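Chemist:
In our numbering, the protein residues as written are 766 to 857.
So, in structure tokens, the structure goes:
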């Protein structure tokens, strides 16, 4: 699904205009990125937890050349869904 389609669905459910929905979604995601960049976690009850995890530096193979390259340490965003969300996604 593209962002445009998602914005349309949100606008239809909330009664907001598409432009207002777009601005709201942008603000939500910008704020989420700021929270994660500060090292905090963000929890949405009934949905899941957004957090960060530190990946250590490592060596890897370059798929084009087959040579070894070093990959620096990185902070990665992670999402852990709640049990209720996992169950909803896995209903038959």
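Quick reminder that beta carbons are idealized off the backbone N, C-alpha and C, glycines included.
In this text, all values refer to a predicted model and were calculated from it rather than measured experimentally.
Three-state secondary structure (DSSP) at residue 819?
Modeler: strand
Chemist: Quick check on the DSSP output: the beta strand (DSSP E) that includes residue 833 runs from which residue to which?
Modeler: First-last of the beta strand (DSSP E) with residue 833: 833-836.
Chemist: How far does the beta strand (DSSP E) with residue 841 in it reach, from first residue to last?
Modeler: 839-846
Chemist: Quick check: the Cα distance between residue 838 and residue 818, rounded to an integer number of angstroms?
Modeler: 11 Å
Chemist: Would you call residue 809 buried or exposed, if buried means 16 or more other Cβ atoms sit within 10 Å of its Cβ?
Modeler: exposed
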